[in-house]
Amino acid sequence: MRIEIMYPEVCCLYGDKANMMYLRQCLPNAQFIETSLTDEPTFVSSDVDLVYFGSMSEKNQELVIDLLVPYKDRLRDLIQAEQTAFLATGNALEILGQYIKREDGTKKEALGVVDSYAVRQTPNRFNSLVLGRFETMTILGYTSRFSHSYVKDSSRCMVDVEIGVGLNPDTTCEGIRQGKLFATYLLGPLLIANPDFTKYLLTQLGVQSPVLAFEEEIYRAYIVKLAEYRKPGIELE
Amino acid sequence: MSTVRLSTARVVAKLTYYLLRLIGRNASNLPGWIALLICPSYLELIAKPPLCVAVTGTNGKTTVTNMIADVLIDSGYSVATNRIGSNIASGIASTLTTSVSWSGKPNKDACVLEVDERATRLILPFVKPGYLVVTGLFRDSLKRNAHPDYIFDVIDTYTPPTTTLILNADELCSARLGETQGNQRVYFGIEAMESDVDSAVDLVTDYSFCPNCMTKLEYAHLRYHHIGRAGCPACGFSSPVPDYVIMYVGSGDEAIEVTHQGVESSYPLISNATFNIYNELAAIAALSEMGLSQDAIAASLGKLGTLESRLKSTTVGSVSVIQAMSKGQSCVSATRTLDFVRTQPGRKVVVLVMDDWYDRKKSVEYVGWIYDTDFEFLADDSVVQVVACGPRCYDYELRLLLAGIEKERILRCELEMEAPAQLQIDDVDSVFVLYDTSTIDVAMDMKQALISRLEARK
Ligand SMILES: [Zn+2]
Chain A
88 MRIEIMYPEV CCLYGDKANM MYLRQCLPNA QFIETSLTDE PTFVSSDVDL
138 VYFGSMSEKN QELVIDLLVP YKDRLRDLIQ AEQTAFLATG NALEILGQYI
188 KREDGTKKEA LGVVDSYAVR QTPNRFNSLV LGRFETMTIL GYTSRFSHSY
238 VKDSSRCMVD VEIGVGLNPD TTCEGIRQGK LFATYLLGPL LIANPDFTKY
288 LLTQLGVQSP VLAFEEEIYR AYIVKLAEYR KPGIELE
Chain B
9 MSTVRLSTAR VVAKLTYYLL RLIGRNASNL PGWIALLICP SYLELIAKPP
59 LCVAVTGTNG KTTVTNMIAD VLIDSGYSVA TNRIGSNIAS GIASTLTTSV
109 SWSGKPNKDA CVLEVDERAT RLILPFVKPG YLVVTGLFRD SLKRNAHPDY
159 IFDVIDTYTP PTTTLILNAD ELCSARLGET QGNQRVYFGI EAMESDVDSA
209 VDLVTDYSFC PNCMTKLEYA HLRYHHIGRA GCPACGFSSP VPDYVIMYVG
259 SGDEAIEVTH QGVESSYPLI SNATFNIYNE LAAIAALSEM GLSQDAIAAS
309 LGKLGTLESR LKSTTVGSVS VIQAMSKGQS CVSATRTLDF VRTQPGRKVV
359 VLVMDDWYDR KKSVEYVGWI YDTDFEFLAD DSVVQVVACG PRCYDYELRL
409 LLAGIEKERI LRCELEMEAP AQLQIDDVDS VFVLYDTSTI DVAMDMKQAL
459 ISRLEARK
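Residue numbers (the numbering used here), protein chains in the order written: chain A, 88 to 324; chain B, 9 to 466.
Here's what the structure looks like:
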């Protein structure tokens, strides 16, 4: 199995590197490829099973978009073929969308592989705990960002939010799911915080009856946190 | 109209200040808050002392502010400073209130202001300090500070073009401040240290690539995170040349030699922790630029005493109980503390009490920052046990397991006060209690309970 970590030197904010740190433990025999800013992405010319994008600064979002624009057709083809899985956490979601509207009203054209657009509102920082349903699972996490996203087709929502907010304050639609692409504003250790989702992702990668690293401890932490998130009157920020 | 508002604000703020002082209350915030309420342009309109220096940065700003203020005072300056007060607009307004007379005339020679990085937006354009010292920019709380690029933009946008920037040449983010506006910039840096490392040791190394051509930077000298002397092998980009430079720091050194314009001067070393050497160097550069002589700075620094007092150590029998401050939500601060702990001699127990005290009451703290923190430093034979305390202990347990610490060495205590009775004290030389500013009280209680247990064992 081959897993490509995109631009780890910039896509590494907010503890997002926890995800690949953990996946390495779950998949000790997989090959992890770290693609630098000066490298051609591996997915361009050969098959990989999972491509991961982590959170980055707003300045680096624009840098990463510029680097990936030459490959956006390839990206779109891979997403449509549903062979390669894609995972994007935090504001990596926005680079996959149509455009990012900057604070001054100008637009940065993005990769356009999913049907969303983002609007930045720096310096207003938006923080929230989030809990919701994804298929039969409960997903929990945290979002912290300067922007919101908007989608036309809400059937592409990844998580239906119960606690907290979705892609923007007026929707319970959180994240975008398109075949094997999972893009979510939830950031940090998503795969450590959500063992059910991690198992699901592993099955998407072709792992039969997946076993998680530190499975006992990870479920214990998950169950404790589920109860905490559901406490009445909890402050979300 | 603005004159009336200003006078009213100043008089009310001064009255509030003296009243609060009279009843023994903290007067570092409220007077300024009231002044800004009465006169929103207070920071701009109030008269400033002839010498005004501001200090900001992720870490070390309190240390540098205090050093600059102490040296100035020792050199005979009258100084207004917010050393114990708030570092946002209201705190700065309070401090400036104490630097003018009732009639509004400056009655201090200098003001030395510690300024919160994000609050620079509301302070610098109005106070217009002659000097701004920036200790460096690192990742900090994601909720408030997002990331260093954001903080850079805030400081860069709101620093007046007339302000002279005193910058760390070895920290490539803040080193680029003032480039667009063309501020006068003065750099400080360290060429080489005995403790330099060959390759990146920390999980977080922001600014690992060249800002011009994206090539991976090469470090001739690397300290921690992205601190060191860097260069781009492809395009020639490099760390700025420092105006105040220490050519070499040896591990046992008790003095530093600072070269400026070809002249080498000696200063007593106040702390040998690398980040504190940078803090002292920042203060030396700033004070020199303000016109103080090398002799005066060195003599005053010599009277300050060491900075190691934030470690409170008590020894019972053969076991030392050491409290070490480790700011929560701040991976760089925590990593430096963990690095310190691992280099201490003997067999150690490390107690983590870093959960946010406010979040736990009403929310669920987001602890993604622990994955940017080098808990791998604790996967060392000298660390016999790591105790994860507080409601987030289950998250810490996972982090510690991922760091390669065996299950048997990890103890979870959801209730902190259970830890002193349960942690290992046999065959242990020291117990380190790592606490956040918000958990200092519980850390003190834990330390006390542990001392009682150790005394009962004697
Ligand atoms: Zn270069």
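In this text, a Cβ means the ideal position worked out from N, Cα and C, and glycines have one as well. Note that the structure is predicted; figures quoted are calculated from it, not measured.
Classify residue i: buried if its beta carbon has 16 or more other beta carbons within 10 angstroms, exposed otherwise.
i	result
Val123 (chain B)	buried
Ser321 (chain B)	exposed
Glu261 (chain A)	buried
Met75 (chain B)	buried
Leu23 (chain B)	exposed
Ser242 (chain A)	exposed
Val434 (chain B)	In the sequence as displayed, the identity of residue 434 (chain B) is Asp instead of Val. Exposed: under 16 other Cβ atoms inside 10 Å.
Gln185 (chain A)	buried
Ser109 (chain B)	exposed
Val138 (chain A)	buried
Arg33 (chain B)	exposed
Arg317 (chain A)	exposed
Ala177 (chain B)	buried
Met245 (chain A)	buried
Val201 (chain A)	buried
Gln295 (chain A)	exposed
DSSP state of residue i, grouped into three classes?
i	result
Asp380 (chain B)	coil
Leu104 (chain B)	helix
Pro95 (chain A)	coil
Arg189 (chain A)	coil
Pro276 (chain B)	strand
Val349 (chain B)	helix
Ile131 (chain B)	helix
Tyr404 (chain B)	helix
Tyr272 (chain A)	coil
Lys104 (chain A)	coil
Lys370 (chain B)	helix
Glu249 (chain A)	strand
Val436 (chain B)	coil
Pro114 (chain B)	strand
Gln4 (chain B)	Residue 4 (chain B) falls outside the range modelled here, since chain B spans only 9 to 466, and no answer is possible.
Cys218 (chain B)	coil
Thr73 (chain B)	helix
Between which residues of its own chain and residue i is the CB-CB distance below 8 Å, once the five residues before and five after are set aside?
i	result
Arg189 (chain A)	Lys195 and Arg207
Gly112 (chain B)	Leu14, Ser15, Arg18, Ile54 and Ala55
Arg126 (chain B)	Arg152, Asn153, Ile159 and Val162
Tyr229 (chain A)	Asn214, Ser215, Leu216, Val217, Leu273, Leu274 and Gly275
Could you say which of the options lies nearest to residue i if we only look at CA atoms?
i	options	result
Lys116 (chain B)	B:Gly84, B:Gln393 and B:Phe146	B:Gly84
Asn211 (chain A)	A:Gly184, A:Thr230, A:Val246 and A:Ser234	A:Ser234
Gly270 (chain B)	B:Pro250, B:Glu262, B:Thr282 and B:Asp449	B:Pro250
Tyr374 (chain B)	A:Tyr287, A:Thr271, A:Pro297 and A:Ser231	A:Ser231
Gly358 (chain A)	B:Leu121, B:Thr66, B:Ser338 and B:Asp206	Lying outside 88 to 324, the shown extent of chain A, residue 358 (chain A) is not represented and no answer is given.
Arg350 (chain B)	B:Asp303, B:Val120 and B:Val392	B:Val392
Cys113 (chain A)	A:Asn255, A:Phe301, A:Glu315 and A:Lys318	A:Phe301
Ala105 (chain A)	B:Gly376, B:Phe383, B:Tyr402 and B:Arg400	B:Gly376
Val87 (chain B)	B:Val394, B:Ala294, B:Thr106 and B:Ala307	B:Thr106
Met108 (chain A)	B:Ala411, B:Lys415 and B:Arg465	B:Ala411
Asn178 (chain A)	A:Ala117, A:Ser123, A:Gln148 and A:Leu154	A:Gln148
Gly258 (chain B)	B:Tyr252, B:Gly239 and B:Ser279	B:Ser279
Lys356 (chain B)	B:Leu346, B:Trp365 and B:Asn176	B:Leu346
Asp82 (chain B)	B:Asp206, B:Thr223 and B:Ala304	B:Ala304
Pro57 (chain B)	B:Thr103, B:Ala21, B:Cys47 and B:Leu295	B:Thr103
Ala168 (chain A)	A:Arg111, A:Asn281, A:Pro319 and A:Leu268	A:Leu268
Thr271 (chain A)	A:Tyr309, A:Leu289 and A:Arg220	A:Arg220
Leaving out five residues on either side along the sequence, give the residues of the same chain with a beta carbon under 7 Å from the beta carbon of residue i.
i	result
Leu130 (chain B)	Ala97
Cys397 (chain B)	Val359, Leu360, Val361, Cys421, Glu424 and Ala427
Ile92 (chain B)	Ser36
Tyr215 (chain B)	Leu180, Cys181 and His234
Pro133 (chain B)	Tyr166 and Pro168
Ignore the nearest five residues each way along the sequence and tell me which others in residue i's own chain have a CB closer than 6 Å to its CB.
i	result
Thr71 (chain B)	Asn287
Val63 (chain B)	Lys69, Val72, Thr73, Glu122 and Val141
Asn220 (chain B)	Cys243 and Phe245
Phe140 (chain A)	Met93, Cys98, Ala175 and Ala179
Gln118 (chain A)	Arg89
Closer than 7 Å, CB to CB, is residue i near chain E or not?
i	result
Met362 (chain B)	Among the chains of the structure shown, chain E does not appear; the protein chains present are A and B.
**Study point:** Any heavy atom of ligand 1 within less than 5 Å of residue CB: hits in chain order
**Key:** B:Cys218, B:Asn220, B:Cys221, B:Thr223, B:Cys240, B:Ala242, B:Cys243 and B:Phe245
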